[in-house]
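**Student:**
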Amino acid sequence: MTTTLMSPETERTTTEPRDWRGSGTATQLLVLTGRSLRALINEPRLVVLSLLQPLIMLVLFSQVFSSIAQTDSFPPGVSYINYLMPAILVTTGIGAAMQSGIGLVTDMKNGMLGRFRSLPIKSWSVLLARSLADLVRTSVQLTILLVTAVVLFGFSPSGGIGGVLTALALALMVSWALSWVFLAIGSWLRNAESMQQVGFLAMFPLMFASSAYVPLDGLPVWLRAVATVNPLTYAVDASRNLALAMPVGTGVLSAVAASAALLAVGAFAAVRGFRKPL
51 MTTTLMSPET ERTTTEPRDW RGSGTATQLL VLTGRSLRAL INEPRLVVLS LLQPLIMLVL
111 FSQVFSSIAQ TDSFPPGVSY INYLMPAILV TTGIGAAMQS GIGLVTDMKN GMLGRFRSLP
171 IKSWSVLLAR SLADLVRTSV QLTILLVTAV VLFGFSPSGG IGGVLTALAL ALMVSWALSW
231 VFLAIGSWLR NAESMQQVGF LAMFPLMFAS SAYVPLDGLP VWLRAVATVN PLTYAVDASR
291 NLALAMPVGT GVLSAVAASA ALLAVGAFAA VRGFRKPL
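The numbering of the sequence shown is the working numbering, which starts it at 51 and goes up by one.
1. With H, G and I counted as helix, E and B as strand and the rest as coil, what does DSSP make of T300?
2. Pull up the distance between the alpha-carbon of V176 and that of L87, whole angstroms please.
3. Within a Cβ cutoff of 6 Å, which residues of the same chain sit near I152, ignoring the five residues on either side of it in sequence?
4. To the nearest angstrom, how far is the alpha carbon of L99 from that of L233?
5. Are the region 222-232 and the region 179-195 in contact at 8 Å, needing three or more beta carbon pairs?
6. Can you give the beta carbon distance from S229 to S150, rounded, assuming they're within the 8 Å contact cut?
7. Measure how close the beta-carbons of L341 and L178 come, nearest whole angstrom, since I'm counting them as under 8 Å.
8. Mind checking I171: buried by the 16 CB within 10 Å criterion, or exposed?
9. For chain D, check one thing: does any of its Cβ atoms lie closer than 8 Å to the Cβ of Q113?
10. Could I get the ranges of all uninterrupted alpha helix (DSSP H) runs contained in the region 89-125, with 4 residues as the minimum, in chain order?
11. Hey, quick one: how far does the alpha helix (DSSP H) through G164 stretch, first residue to last?
12. How should N280 be labelled, buried or exposed, when 16 other C-beta atoms within 10 angstroms of its C-beta is the threshold for buried?
13. With respect to the alpha helix (DSSP H) encompassing Y263, which residues constitute its N-terminal and C-terminal limits?
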């Protein structure tokens, strides 16, 4: 009678399961989000530029439009920096959301997503990790903006810390919802240049045809009509009312509901587009 001896390597191979289905969803999200954050940190020039742009906008708008605070249409007893800063939070969040789609297209072009597709990971977890990493980046961006506004420009709204933090949370919610919209656009267009063009075409009308920098009563009649139906106006007004301790009415609920609707539609379209063959 002969006995066949098995090497340790062969024994491990025969005892290990052959149908490994990958790690859990939480682990996938943690690893993929960390990967996106490390990729961002490894590009210091991109980090510096993403921080400089909103700071430059804050300096320019706070100085160029400060005389608007002297007009009759401006809210009495409110300085322009206190009026402007909540809007800057929202508009900066929109600019940061556009980078989500550009980052996704970049990963498609450099072959990273092709590698992900060969692994046993959920396709939607790649998109969710990207959006979470960009949400962290946007949070850092907006926090630096707030500190700069307080230290250099005397930003001190009547809503206090609670009002400012609530306005910050609302801006982050709007930004996260829009990041899914840009992820959807990126997953279907799959071209960085086209993504940038679409982003700029969407951003500038939203930003300037709104109540972000000027009260609605100070706008021409035709532009006031456009700004009244601009969804950004409702987000800006809700954020501003929270920071200035003004009556919010249904503004916050409307902004949250609109953000939730955009997130749901954007997530659905992004997952569908992401599953298309590369």
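Think of the CB as a built atom: it goes at the ideal place given N, C-alpha and C, for glycine as much as any other residue.
**Tutor:** Inspection of the coordinates gives the following:
1. coil
2. 13 Å
3. A242, M245
4. 21 Å
5. yes
6. 4 Å
7. Residue 341 cannot be examined here, being either before or after the span of the chain that is shown, 51 to 328.
8. buried
9. Of the protein chains in this structure there is only one, and it is not chain D.
10. 94-114
11. 162-167
12. buried
13. Y263 -> no alpha helix (DSSP H), and no H or E assigned at all.
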